[in-house]
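Novice: For reference, the structure I am asking about is given below.
Residue numbers (the working numbering): 1 to 175.
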């Protein structure tokens, strides 16, 4: 529909310039203002409301939004990834899958259910490979380095290998 027809249907006349499209009716002094004066009033009003008033502010705000959006998506991805790995490991331990256990050398008497409990409580953290790197499989680490089990020489030897993988971004500590 053309603008004349729309205006006619809405009952507006186009000869009266004192009624702008936003519905604000100007008085005589408003119509006599220059566009620069209007721009200053609008800018001052926008600033008082915390609105962006310059191209530089807009660009900075947009770049901040993009960064926060990217960070948020990345955090969401890793939170979901961590949760999936953790739940998968716990499920396999609870189902008593053959050969699926951790700390076999340093804690030979620890059951799969005990390991699942320790992972759920946060006392053990899972060490998971990234990007298809699976040389050493999944691992675990104690969150309390003062535990007796965390001081076992075989555990410490394995932990050093995993720490090197983590440092090289080949493994991740699942939170």
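For glycine and all other residues, C-beta sits at the position ideal for the given N, C-alpha and C.
1. For residue 101, count neighbouring Cβ atoms within 10 angstroms of its own Cβ and tell me buried if that reaches 16, exposed if not.
2. Distance, Cα to Cα, residue 69 vs residue 62?
3. Alpha carbons only, please: which of 129, 139, 157 and 141 is nearest the one belonging to residue 168?
4. Can you give the Cα-Cα distance for residue 88 and residue 60, rounded to whole angstroms?
5. Decide yes or no for the touch test of the segment 151-163 against the segment 100-118: beta carbon pairs closer than 8 Å, at least 3 of them.
6. Does DSSP put residue 146 in a helix, a strand or coil?
7. Apart from the five residues just before and just after residue 162, which ones in its own chain have a Cβ nearer than 8 Å to its Cβ?
8. Run through the DSSP bridge pairs and tell me what residue 139 is partnered with.
9. Could you tell me the alpha carbon to alpha carbon distance between residue 85 and residue 174, rounded to whole angstroms?
10. Buried or exposed: where does residue 66 fall if 16 or more other Cβ atoms within 10 Å of its Cβ makes it buried?
11. My assumption, with CB atoms under 8 Å, is that residue 79 sits in contact with residue 93. Please give the rounded CB distance.
12. Less than 8 Å between the C-beta atoms of residue 123 and residue 143, yes or no?
Specialist: Taking the structure as given:
1. buried
2. 10 Å
3. 129
4. 42 Å
5. yes
6. coil
7. 127, 136, 139, 141 and 171
8. 127
9. 8 Å
10. exposed
11. 21 Å between Cβ atoms; not a contact.
12. yes
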